[in-house]
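Note that the UniProt record's numbering numbers the first sequence so that position 411 is 411, with each residue one more than the last.
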Amino acid sequence: MPALTDECVAKRKADDAMWEKVADEMIIKEMSDIFKRTPAHRDPDRKRRCRRIEVSDAIIAKQMQCVKGKPEHVTVYIQQPMSGTPLIVQGLYPVANDSAETISATERDMRKTLDRNHVTAVSWNDFCVLSSTTTNKIIDQDVVATWATDPEIVADYYRRLAIQLDAVDADTAPCVFIAGNTCQAAHETAIELGLVKRITELSPLGVTVCEIDSKCFVALESRPHPSWHLMKANAPFARAIFLETMEMLNGMVRCCATGDISSDTMHQSIVTALAIDPEELQRRAEGRSFLTQLLYGNPSGRFPTKHVHLRNVKAHLPEVQAFLLKWQSRGMKQLWAILLKGGDLYLDLPSHDQVLDTWYKRLDDSFSAFICGSVASRLLDDAFMARLETWYERLGGNFQTFICNSVASRLLDDAFMARLETWYERLGDKFQTFMCNSVASRLLDDAFMAPLETWYERLGANFQAFICGSVASRLLDDAFMARLDTWYERLGDKFQTFICGSVASRLLDDAFMARLETWYERLGGKFQTFMCNGVASRLLDDAFMARLETWYERLGAKFQTFICGSVASRLLDDAFMARLETWYKRLGDKFQTFICGSVASRLLDDAFMARLETWYERLGCKFQTFVCNGVASRLLDDAFMARLETWYERLGKDDFVTFMSGSTAKAIEDDAVNQRILEWHELLGEYLCTFMCNGVASRLTDPRFLAVAARWIDRLGREHFCKIFGRNSFVVRVVEQPAFEAKVLGHFIRLSSNAKALKSFLKKHEGRKLDSI
DNA sequence: CCGAAACTCAATAGGCGAGC
DNA sequence: GCTCGCCTATTGAGTTTCGG
Numbered sequence: 001m002p003a004l005t006d007e008c009v010a011k012r013k014a015d016d017a018m019w020e021k022v023a024d025e026m027i028i029k030e031m032s033d034i035f036k037r038t039p040a041h042r043d044p045d046r047k048r049r050c051r052r053i054e055v056s057d058a059i060i061a062k063q064m065q066c067v068k069g070k071p072e073h074v075t076v077y078i079q080q081p082m083s084g085t086p087l088i089v090q091g092l093y094p095v096a097n098d099s100a101e102t103i104s105a106t107e108r109d110m111r112k113t114l115d116r117n118h119v120t121a122v123s124w125n126d127f128c129v130l131s132s133t134t135t136n137k138i139i140d141q142d143v144v145a146t147w148a149t150d151p152e153i154v155a156d157y158y159r160r161l162a163i164q165l166d167a168v169d170a171d172t173a174p175c176v177f178i179a180g181n182t183c184q185a186a187h188e189t190a191i192e193l194g195l196v197k198r199i200t201e202l203s204p205l206g207v208t209v210c211e212i213d214s215k216c217f218v219a220l221e222s223r224p225h226p227s228w229h230l231m232k233a234n235a236p237f238a239r240a241i242f243l244e245t246m247e248m249l250n251g252m253v254r255c256c257a258t259g260d261i262s263s264d265t266m267h268q269s270i271v272t273a274l275a276i277d278p279e280e281l282q283r284r285a286e287g288r289s290f291l292t293q294l295l296y297g298n299p300s301g302r303f304p305t306k307h308v309h310l311r312n313v314k315a316h317l318p319e320v321q322a323f324l325l326k327w328q329s330r331g332m333k334q335l336w337a338i339l340l341k342g343g344d345l346y347l348d349l350p351s352h353d354q355v356l357d358t359w360y361k362r363l364d365d366s367f368s369a370f371i372c373g374s375v376a377s378r379l380l381d382d383a384f385m386a387r388l389e390t391w392y393e394r395l396g397g398n399f400q401t402f403i404c405n406s407v408a409s410r411l412l413d414d415a416f417m418a419r420l421e422t423w424y425e426r427l428g429d430k431f432q433t434f435m436c437n438s439v440a441s442r443l444l445d446d447a448f449m450a451p452l453e454t455w456y457e458r459l460g461a462n463f464q465a466f467i468c469g470s471v472a473s474r475l476l477d478d479a480f481m482a483r484l485d486t487w488y489e490r491l492g493d494k495f496q497t498f499i500c501g502s503v504a505s506r507l508l509d510d511a512f513m514a515r516l517e518t519w520y521e522r523l524g525g526k527f528q529t530f531m532c533n534g535v536a537s538r539l540l541d542d543a544f545m546a547r548l549e550t551w552y553e554r555l556g557a558k559f560q561t562f563i564c565g566s567v568a569s570r571l572l573d574d575a576f577m578a579r580l581e582t583w584y585k586r587l588g589d590k591f592q593t594f595i596c597g598s599v600a601s602r603l604l605d606d607a608f609m610a611r612l613e614t615w616y617e618r619l620g621c622k623f624q625t626f627v628c629n630g631v632a633s634r635l636l637d638d639a640f641m642a643r644l645e646t647w648y649e650r651l652g653k654d655d656f657v658t659f660m661s662g663s664t665a666k667a668i669e670d671d672a673v674n675q676r677i678l679e680w681h682e683l684l685g686e687y688l689c690t691f692m693c694n695g696v697a698s699r700l701t702d703p704r705f706l707a708v709a710a711r712w713i714d715r716l717g718r719e720h721f722c723k724i725f726g727r728n729s730f731v732v733r734v735v736e737q738p739a740f741e742a743k744v745l746g747h748f749i750r751l752s753s754n755a756k757a758l759k760s761f762l763k764k765h766e767g768r769k770l771d772s773i
């Protein structure tokens, strides 16, 4: 955000003055036109043409659904028909505070390029008739988009267009501009409904003749909405596309003005206005066809609405085609990341090829996570890339977690970098988790840093878990902070678990807080386990609460374990609930062990269910122990299933179930790690499944783990080595903290090198108690 | 549309107690 | 006393929304 300097303000004023001048000139021009027109009293059709446009209460009520704010934050604004030869724009919604005097920035911009000899005015017929009295963000565009298939709203839209068309000077061909995707979709619906007929195509560039109530008009279709270039802050390429549209409109209105309208004259007029070689146009069309073939397997050259920007990929150039084919061969995930997440990379692919290549080779599968807008837009900036390099060397595997939009966009700011350094020193390997978008974007704000320091002192090691995006963004809100304090006093060290994004973002909502209170009283110490994101975000939904109640009665003490995010998010899905019911009857009190996030999220997948069934038959009462997150998430992978099969045969049913767990599943998936486990099996024999806990499974290729293991296996002997290393809390400390290993060795010597005694001692201090042995 | 922020969901890693 | 199996916290990835 640029500072509001005097210089900036002055420039803005100069801009405004310029806009006003343009607008004034246009108004003068329109006035002079009006005098030239047939006096109203001599025009026999006047009455018909001067129909006012009204919109029924029913339509307005329906349209109110798009208002995110309060109803009084919008007014109905309808532009009345204009005579002369206006350009009628089938627009999306009016500008904020619209009125007869308002001229939007978009319209001012359009007027600068539109041919004033032919266009007497720009007349907006908006799909949504509600004008915000605050800011446009209160209009939910996604809701407006759904109206494109609503016959009632589309019919009303085209009824209003018909009245506008009637007002246009007789004996001229009315010109209409269908602006943007949603309006284009509404146009298609109007055609399907028979409200509009598309009589003929005048130019393959998107000019057609359409008809409403036997009144013909010429339309420019399938072009971006004109305000798009403003939202892009007039970026050169967006500006170019906007100007191209305006020139197409000029070509269109000039042809209409001649009265000689045919596909030849129209296409020629547009190509002349655009000053583009027709062969070039053809090549571009072929390029688009190539790209849709590559991405969707069809050569239509038409892109789905969500990807419509991809039509601007210069896919007609051989070097762009080569780029696309190369990245396609690395997997569609990578190609989609570049095209959809890489900002405007898609406009100039070849010049980024080399640098993308380097990072792909480094990051491999993390490449797609690494690509974000802020990185993409700086890939050719040497200073930026040098800093990226430094952090890549520092953070290694954590690098792409650290690099988010907000960090990337500040990487060249020295003040920012200095603060980054401070926190890097403080938090060590928790650093990249802490440095999320919300924190990074406030790191230079001293007011923000003060409460951050306070909480850092309060929570110590739990600090970075507490600071999630939602908390960080509210740290300067006193009311929020007051509530935070209340809960901190109540929950103590469970506090940072309770404060998840969804809770934090609702902490000031009294209705939410009331429900929170009820559950807090009910669940006591288990409260913060239950209050996960998935639940918090639905706490005010009565249907959800009713189902929750049913399960609370059923499961009693196991309730809060059962309700995880994946279950909560599906509790209102009847098909899901039916399957849940089946398993509840089958498994009885083992039910909530079986239902974990990974199972819940796949319960409606029939292929998954079929495999589940096979294992249920095989393993019987051990089934729910076997099905954990790690297994469930890989059950449809044939290679994984084959490996599972091998271990099942190798270990036999009982050992197999003991052996498998979330992290083991992950480990055996990888060839090299699986090979390691086979070697351990040779070495440890029957003790393998005692040894193979989560902590070991996740460290099998960690050189530090291997070194520690090598030091202890002979000291302890196979049996006790397995029993001691098979404990998560031991193995994590002995690998991560050299001082801990030294302490254990001290105790071992004190115990006369008795392995069994050491095992008992460590067992006695299992878990967090190990920190103080 | 971009960059930022918020939210959601899945999965891994670590902790610990019931019951043999 | 010792396991196994369960439970919970934390992490990470992905998606959606906001605001200009």
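We put the CB at the ideal spot given by N, CA and C, even for glycine.
Proximity below 8 Å, CB of residue i to CB of residue j
i: C564; j: G597; result: yes
i: E682; j: S729; result: no
i: R483; j: L508; result: yes
i: N125; j: V168; result: no
i: V129; j: V55; result: yes
i: T75; j: T133; result: yes
i: F290; j: Q321; result: yes
i: L444; j: F434; result: no
Sequence-distant residues of the same chain with beta carbon closer than 8 Å to residue i, five excluded per side
i: D353; result: F323 and K326
i: L393; result: Here residue 393 is Glu; the residue named in the question, Leu, does not match the sequence. Same-chain partners within the cutoff: there are none.
i: M64; result: P71, V74 and L130
i: M385; result: V355, R378 and L379
Neighbourhood of residue i by C-beta distance below 7 Å, restricted to the same chain and skipping five residues each side
i: F544; result: R538, L571 and L572
i: D98; result: Y77 and S131
i: F576; result: R570, L603 and L604
i: L523; result: F530 and Q560
i: Y616; result: F623
Outcome for residue i when other beta-carbon atoms lying within 10 angstroms are tallied against a minimum of 16
i: K763; result: exposed
i: N250; result: buried
i: C621; result: exposed
i: A514; result: exposed
i: P81; result: buried
i: Y346; result: buried
i: I677; result: buried
i: E221; result: buried
i: A479; result: exposed
i: G534; result: buried
i: A40; result: Low confidence applies to A40: its pLDDT is 37, below 50, so where it sits in the model is not reliable, and the reading given next is rough at best. It counts as exposed.
Best match in the options for proximity to residue i [C-alpha to C-alpha]
i: A632; options: L603, T658, I178 and D382; result: L603
i: L476; options: E107, R442 and D654; result: R442
i: S269; options: L317, N312, F242 and S203; result: S203
i: D348; options: L379, Y360 and K361; result: L379
i: D702; options: R718, F721 and V734; result: V734
i: A472; options: D670, S438 and S502; result: S438
i: F402; options: L388, F498 and A415; result: L388
i: residue 775; options: Q432, S351, V375 and T518; result: The displayed coordinates of the chain run from 1 to 773. Any statement about residue 775 would go beyond what the structure contains.
i: E425; options: R239, D542 and L395; result: L395
i: C255; options: I371, H267, S366 and L716; result: H267
i: R768; options: A742, V732, T134 and D150; result: V732
Cβ shell of residue i (< 6 Å), same chain only, five flanking positions each side left out
i: H225; result: A179 and G180
i: S502; result: N533, A536 and S537
Identity of the residues DSSP links to residue i by a beta bridge
i: residue 811; result: Residue 811 is absent from the model: the chain starts at 1 and stops at 773.
i: F217; result: C210
i: I178; result: Q90
i: V143; result: Paired residue(s): none; V143 is not in a bridge.
i: R198; result: C210
i: T75; result: S131
i: V67; result: I139
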